[in-house]
Amino acid sequence: MKQTLRYDQVSCRLQVEGLPDLSSGQAQDALGIITGWSLSWPGRPELEGRREHLLALMAVVLPYARHLISGVARPFGGGEMPVSIAPRAEGGHSLQLRSSQPDTPSLDLHLDDAELADLVRVLDQLRLDPRLQVKLDLPEPQPLNPREVMERVPLRRRLAAPVGGAVALALAATLGALLPEPAPQRQTSGQRETSGQRETPGAAGATPQPSSRQPSVPPGDGAQPGNP
Amino acid sequence: MPDSSPEPPSTPLSRRGLERLDLLLLSAEALDLNGGEAMVWMSQQMGFSGLFPNRVELWKRRCHNPLRRATRRGRLDPAETDALMRILCALADRLYPLLRALLATNEPEAVRQRRWELFEGRLADLVRERMNPRRVGVQTLLDPQRGARQRRQLIQSLALGAGTGGYERLRASLHDPVV
Numbered sequence: 062m063k064q065t066l067r068y069d070q071v072s073c074r075l076q077v078e079g080l081p082d083l084s085s086g087q088a089q090d091a092l093g094i095i096t097g098w099s100l101s102w103p104g105r106p107e108l109e110g111r112r113e114h115l116l117a118l119m120a121v122v123l124p125y126a127r128h129l130i131s132g133v134a135r136p137f138g139g140g141e142m143p144v145s146i147a148p149r150a151e152g153g154h155s156l157q158l159r160s161s162q163p164d165t166p167s168l169d170l171h172l173d174d175a176e177l178a179d180l181v182r183v184l185d186q187l188r189l190d191p192r193l194q195v196k197l198d199l200p201e202p203q204p205l206n207p208r209e210v211m212e213r214v215p216l217r218r219r220l221a222a223p224v225g226g227a228v229a230l231a232l233a234a235t236l237g238a239l240l241p242e243p244a245p246q247r248q249t250s251g252q253r254e255t256s257g258q259r260e261t262p263g264a265a266g267a268t269p270q271p272s273s274r275q276p277s278v279p280p281g282d283g284a285q286p287g288n289p
Numbered sequence: 002m003p004d005s006s007p008e009p010p011s012t013p014l015s016r017r018g019l020e021r022l023d024l025l026l027l028s029a030e031a032l033d034l035n036g037g038e039a040m041v042w043m044s045q046q047m048g049f050s051g052l053f054p055n056r057v058e059l060w061k062r063r064c065h066n067p068l069r070r071a072t073r074r075g076r077l078d079p080a081e082t083d084a085l086m087r088i089l090c091a092l093a094d095r096l097y098p099l100l101r102a103l104l105a106t107n108e109p110e111a112v113r114q115r116r117w118e119l120f121e122g123r124l125a126d127l128v129r130e131r132m133n134p135r136r137v138g139v140q141t142l143l144d145p146q147r148g149a150r151q152r153r154q155l156i157q158s159l160a161l162g163a164g165t166g167g168y169e170r171l172r173a174s175l176h177d178p179v180v
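Shown next, in the form of C-alpha cells:
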C-alpha cells in the first residue's frame, strides 16, 4: 500500500512517501496522501518534513526560479513561511528552512546555480508526475509586470538617460543665457523720414541709402547754401 | 513525444522575446556541435513537421530575430513560437549535464574556465556568422567583459528551462513585457 516516489539529480534526491486515497477511487500505484518526504544532499544534512513543508518549499523555489530565468533575482518566502530563498551577494543562493519545533535553529543552505537547477528539476518532476494525485495549488508561471522587468536594470543605468538629458538641457540653457543679447537696430535719418510711407517687401530688408533718398530741392527757391 | 501539459492562451511573441528565443537556440547550438541537426530531428520527433517541414523553414522562423544579419519582418504565429520553445526545452533537457557543468562551482577553477572558454568561443563564432555586427546587442554579447553576464544568463535560462516543467517558466519569461 505504501508508495514511495523518488527523483534523482546529480546533487540531490527527493523522496516522497504516502498512500493512495482509495476513498477517492485512486489507483494502487497513486500517491494521494503524503505522509512524509526527504531531500538529501551529499555532505549536507537531510531535510525532512510533512506535506505542508514540501508545499512551502515548492511555493518558494519555483517562483524564485521563474524570476531568475528572466534575470530578476529577488527573495521569496520569509516571515511566517517555513521556507525562504534569496540570492547571495557573493553569488549563489541561500535556502533557509525554519523548523516548527521550538528551540530548533533554522537551517541555512548555500546552493550554487547548478544545485538550484537540480532542486528545481526534482520539484518539477514531482509536480508533473501523474502518480502524484495531490492538489498542489501552485500558481502558473506568468510574465513579470513591467516594474519588475525595469528593476532588473541597475539603478545607475536606468537613471543614466534621464539624468544625461537633464544635464544636456541645463547646459544648453546656460549657454543660451550667456550669449549677449543683440543690440536694438538704430534708426537712420532716411528711415525716419520715410517712416510714414508704405514699405514694399523688396525695400524691407534693404539698407537705406541716405544719399539716394535726399529730397530734391527745387532750383531757385533761395534755399541754396551760400545764397543771401 | 509531444507533451500534453496544458497550454495557456497563446499571444504573439514580442521582437525582444524572439531575440531571446533565437539567442537561446544559438546557445544550444554552441553547446552541441550537431545542434542544428538535432533541432531538425527534434522538431520531427515532437510532431512539428507540419510547422517546420524542413530546415529552411525552421531557419526562416529563427530569422525573425531582429539581431540577425538577414532579419525578417513581421511577427511569428504563436503556434510556431510555442513549437520553437518546446524544441528548445527538449534540447536543453538533453544538454542538461553540460549546462550543469558550466554552472557548478565545486570543480577546479581551471576546468570551469576551460569549459566557459569553449562555450564562449563557439557562441562567438556562431554570432559573428549569423548576426548583424553593427547592432549594439551583438557587440555587447561578443564583448569579453560586458557580455559575460548575458552569456551566463543564457546558460542559466537554459538550465532552469530544461524539460517539460521548464517550458512553462521559459514561455512566461519570453513573454515578459518590453520596457
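Chains A and B supply the protein sequences, listed in that same order. So the first sequence is numbered by the numbering used here: it starts at 62 and just counts up by one. So the second sequence is numbered by the numbering used here: it starts at 2 and just counts up by one. All C-beta atoms in this analysis are idealised placements derived from N, C-alpha and C, irrespective of residue type, glycine included. For clarity, every value in this text was computed on a predicted model and none was experimentally measured.
Proximal residues to residue i (C-beta, below 6 Å), its chain only, five neighbours per side dropped
i                      : result
residue 91 of chain B  : 43
residue 11 of chain B  : 79
residue 182 of chain A : 70
residue 260 of chain A : Its pLDDT being 48, under 50, residue 260 of chain A is placed unreliably by the model, and the measurement read from it follows with that caveat. Correct list: empty, nothing qualifies.
residue 115 of chain A : 98
residue 125 of chain A : 137, 146
residue 52 of chain B  : 81, 84
residue 166 of chain B : none
Residue i burial status per 10 Å Cβ neighbour count (16 or more: buried)
i                      : result
residue 45 of chain B  : exposed
residue 67 of chain A  : exposed
residue 83 of chain B  : buried
residue 202 of chain A : buried
residue 86 of chain B  : buried
residue 214 of chain A : exposed
residue 132 of chain B : buried
residue 267 of chain A : Any reading at residue 267 of chain A needs caution, since the residue's pLDDT is 47, under 50, leaving its predicted position unreliable; the model's value is listed next. So residue 267 of chain A ends up on the exposed side.
residue 64 of chain A  : buried
residue 137 of chain B : exposed
residue 18 of chain B  : buried
residue 114 of chain B : exposed
residue 230 of chain A : exposed
residue 23 of chain B  : buried
Spatial neighbours of residue i in its chain, beta-carbon cut-off 8 Å, leaving aside the 5 residues before and after
i                      : result
residue 105 of chain A : 170
residue 151 of chain B : 141, 142
residue 129 of chain B : 143
residue 127 of chain B : 27, 30, 31
residue 173 of chain B : none
residue 220 of chain A : none
residue 87 of chain A  : 81, 93, 194
residue 200 of chain A : 124
residue 103 of chain A : 72
residue 281 of chain A : Because residue 281 of chain A carries a pLDDT of 46, less than 50, the predicted location of this residue cannot be relied on, and the following value inherits that uncertainty. None.
Inter-residue CB distance, residue i and residue j (contact presumed, cutoff 8 Å)
i                      : j                      : result
residue 192 of chain A : residue 119 of chain A : No, residue 192 of chain A and residue 119 of chain A are not in contact; Cβ-Cβ is about 16 Å, not under 8 Å.
residue 67 of chain B  : residue 16 of chain B  : 5 Å
residue 96 of chain A  : residue 109 of chain A : Between residue 109 of chain A and residue 96 of chain A the Cβ distance is about 11 Å, and since that is not below 8 Å, they are no contact.
residue 101 of chain B : residue 160 of chain B : 7 Å
For residue i, the three-state DSSP class (helix, strand or coil)
i                      : result
residue 14 of chain B  : coil
residue 68 of chain A  : strand
residue 169 of chain A : strand
residue 160 of chain A : coil
residue 98 of chain B  : helix
residue 102 of chain A : coil
residue 43 of chain B  : helix
residue 145 of chain A : strand
residue 62 of chain A  : coil
residue 106 of chain B : coil
residue 70 of chain B  : coil
residue 76 of chain A  : strand
residue 128 of chain A : helix
residue 176 of chain B : coil
residue 155 of chain A : strand
residue 92 of chain A  : strand
residue 49 of chain B  : coil
residue 169 of chain B : helix
residue 193 of chain A : strand
residue 201 of chain A : coil
residue 108 of chain A : strand
Cβ-based neighbour list, residue i, same chain, cut-off 7 Å, excluding 5 preceding and 5 following
i                      : result
residue 21 of chain B  : 175
residue 41 of chain B  : 56, 59
residue 178 of chain B : none
residue 156 of chain A : 146, 170, 172
residue 158 of chain A : 108, 143, 144, 167, 168
Proximity test, residue i beta-carbon vs the ligand MG heavy atom, cut-off 7 Å
i                     : result
residue 32 of chain B : The ligand content of the structure shown is nil, which means the ligand MG is not present either.
**Asked** If contact means a Cβ-Cβ distance below 8 Å, which residues of the region 191 to 212 of chain A contact chain B?
**Response** For the region 191 to 212 of chain A, residues whose beta-carbon sits nearer than 8 Å to a beta-carbon of chain B comprise 201, 202, 203, 204, 205, 206, 207, 210, 211.
**Asked** What residues from the region 114 to 136 of chain A come within 7 Å of chain B, judged by C-beta to C-beta, listed N to C?
**Response** 126, 127, 129, 130, 131, 132
**Message:** Against chain B, which members of the region 149 to 177 of chain A pass a CB distance test of less than 9 Å?
**Reply:** Within the region 149 to 177 of chain A, the residues whose Cβ lies closer than 9 Å to some Cβ of chain B are 152, 153, 173, 174, 175, 176, 177, listed in chain order.
**Request:** Quick one: which residues of the region 73 to 106 of chain A get their C-beta closer than 7 Å to a C-beta of chain B? List them in chain order.
**Result:** none
**Item:** Proximal residues, the region 223 to 247 of chain A versus chain B, C-beta separation under 8 Å
**Value:** none
**Asked** Using Cβ-Cβ distances below 8 Å, what residues of the region 134 to 157 of chain B are close to chain A?
**Response** 154, 157
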